[in-house]
Amino acid sequence: MNAKRKELRALNETAWEKRIDLSKEKLDASIKKNTSFVKKLKVSLTSEKKNELLKDIKSLKLEKYIAEVVSAIAEAKLKNQADIAAAVEICSLLHQRFPEFSKLLQDALLKQLSPGNYSSSNLSGEQKEKEDSTRLARQKAVLPLFIELYLVNVFRDISLNKEKEMLVVTVLKKLLAIDKNIHNNIPLAVIVMSNYGRELTGIIPQKQETKEDGDKNKNEEDSSKNENTPTKEDSSLNSDDDDIISVPNEVKDRLKVYILDYCKAVETQLNKAFENLKKMEKSNRENSIAHGKINEERKEKYQKFQKIFENYYNNAKILFKYVNKKIPEFKDDEDDSLGVSFKISLKDKKLDSFQSDIWEDEDSKVFYEQTIDLKLMIPKALLKSKKDKKSDNDTKDSEKSSNENLDQVSPFSISEPELEKILKEKSERMEKNEDVDDEEPEDEPITSEDKRNINPLALDAILERLPFALNRDAIDQIAVDFCFVNTKSSMKKLIKTLVNVPRQRLDLLPYYSRLVSTLSKCFPEIGDSVINELEAEFHRFQKKSDQMFHEEKIKNIRFIGELTKFRVTPLHVVFHCIQVLLENFNGFNIDILCSLLETCGRFLYRIPETKTRLGNMLEIMMRKKVKQHIDNRQNLLIENAYYQCNPPEKIIKPVKQRSPIELYIRKMIYEDLGKYTVDRISKQFRKLNWDDPDVLRVIYKVFFKIWKLKYINIHLMSYLVVDLSHYHPDFGVAVVDNTIEDIRIGLEQNNYKHNQRRLAMIKFLGELWIYHMIETDTIFDILYTLVTFGHDQGKPRPDELCPLDAPHDYFRIRLICTLLDTCGTCLKEDSRLNIFLVLFQVYIKTKFQPPTDIIFLIQDIFEVFQPNKKLFNTYEEACIELDRLVLEDRKRNEPKVIYDDDENEDDEDDNNDEVIDHEDEDNEDNDNEDDENKDENLVDGDEEDVVVYNQDDFKPTEEEEEEYKREFHQIMQESLDSRRNERKVQQFDIPIPMGIKKDLKDNNSDSQEEDSEEEKNNVEFVLLTKKGNKQQAKSLSVPNDCVFAVSARNQREIERKEQMKLKKLVLNYEEQEE
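So for the sequence shown, UniProt numbering puts the first residue at 1; every next one is plus one.
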């Protein structure tokens, strides 16, 4: 850019001495082409058409059209910097050909750059604004062109040397005049300093200066290393300085001084404007407090001035940045609330948050701020009243005088001291004339408007609907309906009904207040009358110090507070009530003050007009609380009211820093995990570096804290554990151990805060059992632990209190039901479940009457597992059934060595059982006789250990039953562990060869008739021996009650039951998968 400027500047400098001579060339002098060129300049002077226009200038004879060319260039619309550069190049070529072109173009541009002239008083404010905006828009495009032409020497200072003033200095002085309209021309100053500040004034913006200083320092460091060698950085830096167009130093100095003076004037004017804005804001606020509202004219004037100031501030901020000057910060030390409107308006986000803090939620904001406009719904004839006209005239006169003062920039002088004076006089007047509020005003004469034929029953119907109007639509409809029956008498009746709301119906106060607010916009006397009645009632109650009217006092003060939030109650009224209550801060006045603050304290503390005043009163209240002796109840009321108005700041927790791998794992588990993504996530987990301790720690952390997961995805986590444990077995063991440990810790702590966590862990345990990560014995251990943990001797009793499991704590019941529901009917076939369900009923009966949801939960579980059985009604019934089942289970698990004489007949079917004792190959050479003798000795030895008892011997006596009940928990534990530690007889069965089996059958058939009586009391066994390569079998007859025979028969029965159990489990598993 600067290189092109230098090239044009050199050509234009030469042209001042000698113009380009094109007389020898054939130039086109036709009118058509010359006028077409002028039109092109006027319409399409752009960078795209630059080459075409330059070609036309060199080929056309334009001596007779110079004036038209100048006019076209002056009126051309240059949209961007490229268009301006094209115009400069075209003007340079015209300047090089025609001597008179520069003077004519300079005069045309100076005419457009002349400042606005408002000497004539015929123009109105709107016309002045319109003219200013039009002039400013045009000068924003012309001023850069003018300065560019000056820099390339199309314009020279000598051409305006009549008054010995320099061209650019003269233009900018007139254009950027320091006067009362200085704020209008700041955008032009910004254009000059942002694009040409360095060339014209030598001022380098701070950012650009620091960047060059950094480059210079870097260049010096490099040069210190290579002192004798010139670097590329030196040449580039020097070239940047050389590329800048050199303006005479005298011009630079004078422009720099003038621009700095201009910025000082802008700063001074900005401070004055801010002071005026504060005065206007203060005047409006005090006028609102005094009159209850702000005139629309004042409001519009304030908003307009505020908008002008914001634009002024933003433009000044940009200008100060280019002259390395700081923008002043506007803070008010006297009153924090002053100037708050300006500060908020500059930062809309703060404004939104400030306004949103007034109301607790969006519904409250809509309820209190968005009331219906009756003027749009009711005919104007029904909304007229004499009092309205009178009040409008009064406010018009008062606002007129206020506006005159506002025009003179002197605020409406009812400040904080004045308001204090008003409140003080009001209190003195109320003390001197205590009965003034009890006098009712005389009725005004009835006018023609009251003589309308209005059905009195219609008004009564409306008033009867008031106690049932508990929503916005209903109360707004009542406001609309009242306008059609509006008379003075109906107004009085409505006001009386509103003020005399029942003291128990505090819920009606917000809706009655909305009704008053809606009607007050059209009938101000309604709002005024209601406020006067409530204020008089407040002072009457203050005279009565007894506790008889405490409900009426609370209703009265809450009504005033609700009307305050609708901006119906004047601010001086509500502050007068607070002041009276603070002066008599004792007894029931504390409750009244707290009720008022809880109703409208938040609203008053968050609006700028009353924030400071209410804050001071709150501090007085807290100081009085400390000094006086107040009971705990009222102390709590005061603290709640204080924090309702001014809640403590929320502590923002710092964001936890996580590594990328941890963020990725958490995203997979907490965001991506689903039915269709679980396989992909499992593959991604397998790809992780399990050898890295940090990665392993994150994986364990995610799987250990299962409660952070979505509850519906817990079964997917169990699937991941199973899948990953195939590749990392230690991982599966660690997850199971942590789950069981966490369940036990939950029982030990019994913290209600962890209830959701405990539910998730018990659900996770059940899902792990479904995927065969844990055994059924573990599930039953957990179930028994949930019932017995913490109870004396492991048995819950209704008459003994357990600190870890109170009678009103039903959470363990929920845990048990969750675990049983998760495991499903797969546990149904286990015989141990019946015992546990009875024990579960015993546990339930130790609790108080459960709530409805727990009852439904219990019924659902028993309907699944025991649909045909009824629940026990008492604790004793459940205990009896539990004892019976435990005893049966104990007998069933013990070895059956006890037989009666009648049992021999039942064992006839077991005579065909065959037990084959297989000997080792090392004893193949032994004789059959030795083997037979050895087996006979074995049988004889076993028979000596057999002890036969009668069944009656095992019936417990009464003393044994009592002993059994006292040690019940020990017996249960022993019954569970007895089978684990029992040593089983190892037997080895092999099938009998077919040939030997056939021979045995033939021999047995021959002797069957002879030995039929002996077979009834004996069991036949086959002894298989081997001599050489030949196998021999010998039949042995063993007594039916022999230990050897009993053990063989019991072993067969156990194996058969185990096979049936496995078969059912497989079938159930297949059904569950389907």
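We put the beta carbon where it would ideally sit given N, CA and C, even for glycine.
- Counting along the chain, no beta strand (DSSP E) covers P660; the unbroken alpha helix (DSSP H) around it starts and ends at P660 to K667.
- In the same chain as I681, and ignoring 5 residues on each side of it, the C-beta atoms closer than 8 Å to its own belong to M668, I669, D672, L673 and L720, in chain order.
- Here the alpha carbon of V655 sits roughly 19 Å from the alpha carbon of K705.
- Collapsing the DSSP output to three states places C802 in a strand.
- Spatial neighbours of L820 in its own chain (CB-CB distance under 6 Å, excluding positions within 5 residues in sequence) are listed in chain order as I861.
- Among the bridge pairs identified by DSSP, K1034 is matched with L1023.
- In its chain, beyond the 5 residues on either side, V485 and S490 have a beta carbon closer than 6 Å to the beta carbon of L459.
- The C-beta distance from V1038 to N1068 rounds to 40 Å, too long to meet the 8 Å contact threshold.
- Closest by C-alpha distance to R686, out of P729, Y752 and S114, is P729.
- For M621, the uninterrupted alpha helix (DSSP H) run begins and ends at K611 to K627, by DSSP.
- By the 16-neighbour rule on beta-carbons within 10 angstroms, P796 is buried.
- L534 is a Cβ neighbour of F559, given a cutoff of 7 Å.
- The C-beta distance from V70 to F101 rounds to 7 Å, short enough to meet the 8 Å contact threshold.
- Only residues of its own chain outside the window of five on either side were considered, and among them K40 have a CB closer than 8 Å to the CB of E52, listed in chain order.
- Annotated three-state conformation of P693 is helix, per DSSP.
- Beta-bridge partners of D28 (DSSP): L60.
- Under the three-pair Cβ rule at 8 Å, the stretch 81 to 94 counts as touching the stretch 131 to 148.
- Residue pairing for N1018: DSSP places it in a beta bridge opposite P1039.
- In its own chain, leaving out the 5 sequence neighbours on each side, no residue places its CB closer than 8 Å to the CB of I880.
- In summary, L457 is exposed, with fewer than 16 beta-carbon neighbours lying within 10 Å of its beta-carbon over all protein chains present.
- Buried is the label assigned to A1048, since at least 16 other Cβ atoms lie within 10 Å of its Cβ.
- Straight across, the Cα-Cα distance linking Q127 with A141 is about 22 Å.
- Uninterrupted alpha helix (DSSP H) stretches at least 4 residues long and entirely within the stretch 784 to 850 occur at 811 to 823 and 832 to 845, given in chain order.
- In this structure Y312 does not touch L260 by the C-beta definition: roughly 19 Å separates them, more than the 8 Å allowed.
- V43 counts as exposed, since fewer than 16 other C-beta atoms from the protein chains shown sit within 10 angstroms of its C-beta.
- F840 is not a Cβ neighbour of H808, given a cutoff of 7 Å.
- The three-state secondary structure of V480, taken from DSSP, is helix.
- When DSSP states are grouped into helix, strand and coil, R884 belongs to the helix group.
- Only buried fits L593, as 16 or more other CB atoms lie within 10 angstroms of its CB.
- Looking at K1026, D830, V1043 and A641, the one whose alpha-carbon comes closest to that of M1060 is D830.
- If you compare the alpha carbons of I661, K565, R514 and Y368 with that of R697, the shortest gap goes to I661.
- Between P115 and L27, the C-beta gap is not smaller than 7 Å, which leaves the two residues out of contact.
- Taken through DSSP and simplified to helix, strand or coil, K650 comes out as coil.
- Only residues of its own chain outside the window of five on either side were considered, and among them V516, S520 and V568 have a CB closer than 7 Å to the CB of G527, listed in chain order.
- Under the three-state reduction of DSSP output, M280 falls in the helix class.
- The C-beta distance from L768 to I774 rounds to 5 Å, short enough to fall under 8 Å.
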